[in-house]
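The structure appears below as structure tokens.
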Amino acid sequence: MSAPLRRDQKSISSEVLDDVTSGRLEVLAAPEVLEWALKTFHPRIALSASFGGPEGMVILDMMHRINPRSRVFVLDTGRLPQATYDLIDRVRDRYDKDVEIVFPEAGAVQKLVHDHGANLFYESIERRQLCCQVRKVEPLNRKLSELDAWVSGLRRDQNVTRTETPQVEVDRVHRGMIKVNPLAGWSADDVWRYVRERGVPTNRLHAKGYPSVGCDPCSRAIKEGEDPRAGRWWWERPETKECGIHIGEEEEGSGI
Ligand code: SF4
177 MSAPLRRDQK SISSEVLDDV TSGRLEVLAA PEVLEWALKT FHPRIALSAS
227 FGGPEGMVIL DMMHRINPRS RVFVLDTGRL PQATYDLIDR VRDRYDKDVE
277 IVFPEAGAVQ KLVHDHGANL FYESIERRQL CCQVRKVEPL NRKLSELDAW
327 VSGLRRDQNV TRTETPQVEV DRVHRGMIKV NPLAGWSADD VWRYVRERGV
377 PTNRLHAKGY PSVGCDPCSR AIKEGEDPRA GRWWWERPET KECGIHIGEE
427 EEGSGI
């Protein structure tokens, strides 16, 4: 059963809440979901794209077709591979898009590295989650506090932690804002078909065996037959493989 909204959480109009909870949006195609979202929330809605997976690039392309002024941001953890920075530049040129870059707090990163070293993520799940907290979760929360809705590239079949993902939901982790997951029901084949048909730019590391690209020290290429998520935090079990961005403290129990 879902938790009730807390008093500090964002108030949503009853019409929007009705759209979200009625299930009507769940039967729409991805571009239709995005049309509804942009019509309802722009400019207080933005895509959170890692530039390390084709899903975000597909959504960016769809949003741009609906509204060329649609917004996208990326969390620059300071540990991204060069290929990801290159893709950000390609997107800026191709779409004439102002990609909003969100950095972690410099003081928090300095303390993290001072206290635990630059490679703390390999030492334990707790240290890995601490690094994700400082470099991803806190910056994301700060960015989301400016918005009423956000868009993510989650798909249900990506991981055991994502099998219940709806197309549109009330994000109780982030003050009751609206979270839009337009590709929730898409397969990887659907995503790549769209990329090919529309010539969408993607991260060049996909061609080197990376189904998704995160921070450089926490991503690797996978071998044939391996699970697509096997290259992310490969030293952990599948059920811990989230950075905290898409999982709430209540759901995790132990926090992020
Ligand atoms: S993915 Fe790795 S380097 Fe990036 S924030 Fe998480 S633990 Fe740190």
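In this note's numbering, the protein residues as written are 177 to 432. Cβ atoms here follow ideal geometry from the backbone N, Cα and C, with glycine treated the same way.
Open item on the list: I'd like the span of the alpha helix (DSSP H) that includes Arg247, first residue to last.
Closed with: Position 71 of the sequence shown, counted from the start, is the residue given in the question as residue 247. Where Arg247 is concerned, there is no enclosing alpha helix (DSSP H), although the beta strand (DSSP E) it sits in stretches over 247-251.
TODO: Compute the distance between the beta-carbons of Arg266 and Pro393, then report whether it is under 7 Å.
DONE: Residue numbering aside, residue 266 sits at position 90 when the sequence shown is read from its first letter. Residue numbering aside, residue 393 sits at position 217 when the sequence shown is read from its first letter. Result no, Cβ atoms of Arg266 and Pro393 do not sit closer than 7 Å.
Task: Lys399 Cβ short of 6 Å to ligand 1 heavy atom set - done: If you number the sequence shown from 1, residue 399 lands on position 223. Answer for Lys399: no, Cβ out of range of ligand 1.
TODO: Specify the secondary structure class of Glu412 as computed by DSSP and reduced to three states.
DONE: Walking along the sequence shown from the start, residue 412 turns up at place 236. Assignment of Glu412 by DSSP, reduced to helix, strand and coil, places it in the coil class.
Task: Residues that DSSP places opposite Leu223 in a beta bridge - done: Within the sequence shown, the letter at position 47 stands for residue 223. Answer is Val248, Val327.
- [ ] Could you have a look at Glu191 and say whether DSSP puts it in helix, strand or coil?
- [x] The residue given as residue 191 occupies position 15 in the sequence shown. Glu191: helix per DSSP, three-state reduction.
- [ ] Tell me whether Thr253 counts as near ligand 1, meaning its Cβ is closer than 6 Å to at least one heavy atom of that ligand.
- [x] Residue mapping note: residue 253 aligns to position 77 of the sequence shown, counting from 1. Thr253: yes, Cβ under 6 Å from ligand 1.
Task: 7 Å CB neighbourhood of Leu323 in its chain, flanking five on each side removed - done: The residue labelled residue 323 in the question sits at position 147 within the sequence shown. Result list for Leu323: Arg220, Ile221, Ala222, Met353, in chain order.
Open item on the list: Which same chain residues end up closer than 8 Å to Ser321 when comparing Cβ atoms and leaving out the 5 residues on each side of it in sequence?
Closed with: As a first step, residue 321 is located in the sequence shown; it is residue number 145 there, counting from the start. Cβ within range, chain order: Arg351.
Task: Gly199 versus Asn295 - alpha carbon distance - done: Within the sequence shown, the letter at position 23 stands for residue 199. Within the sequence shown, the letter at position 119 stands for residue 295. For Gly199 and Asn295, the distance between alpha carbons rounds to 44 Å.
- [ ] Go ahead and label Phe279 buried or exposed: buried means 16 or more other beta carbons lie within 10 angstroms of its beta carbon, across all protein chains shown.
- [x] As a working mapping, residue 279 is identified with position 103 in the sequence shown. By the 10 Å Cβ count, Phe279 comes out exposed.
Task: Start-to-end residues for the alpha helix (DSSP H) that takes in Glu231 - done: Along the sequence shown, read from residue 1 onward, the residue named residue 231 stands at position 55. 230-242 is the extent of the alpha helix (DSSP H) around Glu231.
Task: Exposed unless 16 or more other CB atoms sit within 10 angstroms - verdict on Ser190 - done: Numbered from 1 along the sequence shown, position 14 holds the residue referred to as residue 190. Ser190 should be labelled exposed.
Open item on the list: For a test of the three-state rule: what should DSSP assign to Val349, helix, strand or coil?
Closed with: Along the sequence shown, read from residue 1 onward, the residue named residue 349 stands at position 173. Val349 sits in a helix when the DSSP states are folded into three classes.
Open item on the list: Let me confirm a value: Pro244 is counted as buried when at least 16 other C-beta atoms fall within 10 Å, else exposed. Which label applies?
Closed with: For the purposes of this step, residue 244 is identified with residue 68 of the sequence shown, where counting begins at 1. Exposed, since its Cβ has fewer than 16 Cβ neighbours within 10 Å.
TODO: Would you kindly work out how many angstroms separate the C-alpha atoms of Ala406 and Ile398, rounded to a whole number?
DONE: The count along the sequence shown starts at 1 and reaches residue 406 at position 230. The count along the sequence shown starts at 1 and reaches residue 398 at position 222. The straight-line gap from Cα to Cα measures roughly 6 Å.
Task: Helix, strand or coil at Gly293 [DSSP, three-state] - done: Along the sequence shown, read from residue 1 onward, the residue named residue 293 stands at position 117. Here Gly293 sits in coil by DSSP.
Open item on the list: Which same chain residues end up closer than 6 Å to Pro207 when comparing Cβ atoms and leaving out the 5 residues on each side of it in sequence?
Closed with: In the sequence shown, the residue the question calls residue 207 occupies position 31. If we look at Pro207 and ignore the five residues flanking it on each side, its Cβ neighbours are Met238.
TODO: Using only the heavy atoms of ligand 1, determine whether one of them is closer than 6 Å to the beta carbon of Phe279.
DONE: Within the sequence shown, the letter at position 103 stands for residue 279. No, the beta carbon of Phe279 sits no closer than 6 Å to any heavy atom of ligand 1.
- [ ] Please confirm if the segment 245-255 is in contact with the segment 339-351, defined as three or more CB-CB distances below 8 Å between the two stretches.
- [x] Contact fails: fewer than three Cβ-Cβ distances are below 8 Å.
- [ ] Check whether the Cβ of Phe297 lies closer than 6 Å to any heavy atom of ligand 1, and answer yes or no.
- [x] Counting from one through the sequence shown, the residue named residue 297 turns up at place 121. Yes, since a heavy atom of ligand 1 falls inside the 6 Å radius drawn around the Cβ of Phe297.
- [ ] Compute the Euclidean distance between the alpha carbons of Gln305 and Ile277, then round it to the nearest angstrom.
- [x] Within the sequence shown, numbered from 1, the residue matching residue 305 stands at position 129. Within the sequence shown, numbered from 1, the residue matching residue 277 stands at position 101. Each residue's Cα considered, the two are about 22 Å apart.
Task: Inside the segment 349-397 only - beta strand (DSSP E) runs reaching at least 3 residues - done: With a minimum length of 3 residues, the unbroken runs of beta strand (DSSP E) contained wholly in the segment 349-397 fall at 353-356.
- [ ] Please report the Cβ distance between Ala259 and Arg380, rounded to the nearest whole angstrom; I am assuming they are in contact, meaning their Cβ atoms lie under 8 Å.
- [x] Within the sequence shown, the letter at position 83 stands for residue 259. Within the sequence shown, the letter at position 204 stands for residue 380. Ala259 to Arg380, Cβ: 5 Å. Contact.
- [ ] Could you tell me the boundaries of the alpha helix (DSSP H) in which Glu314 lies?
- [x] Position 138 of the sequence shown holds residue 314. Note, Glu314: alpha helix (DSSP H), 314-320.
Task: Of the residues Asn357, Glu412, Arg408, Gly385, the one placed nearest Leu210, counting alpha carbons only - done: Start at 1 with the first residue of the sequence shown, and residue 210 comes out as number 34. Ranking Asn357, Glu412, Arg408, Gly385 by Cα distance to Leu210 puts Asn357 first.
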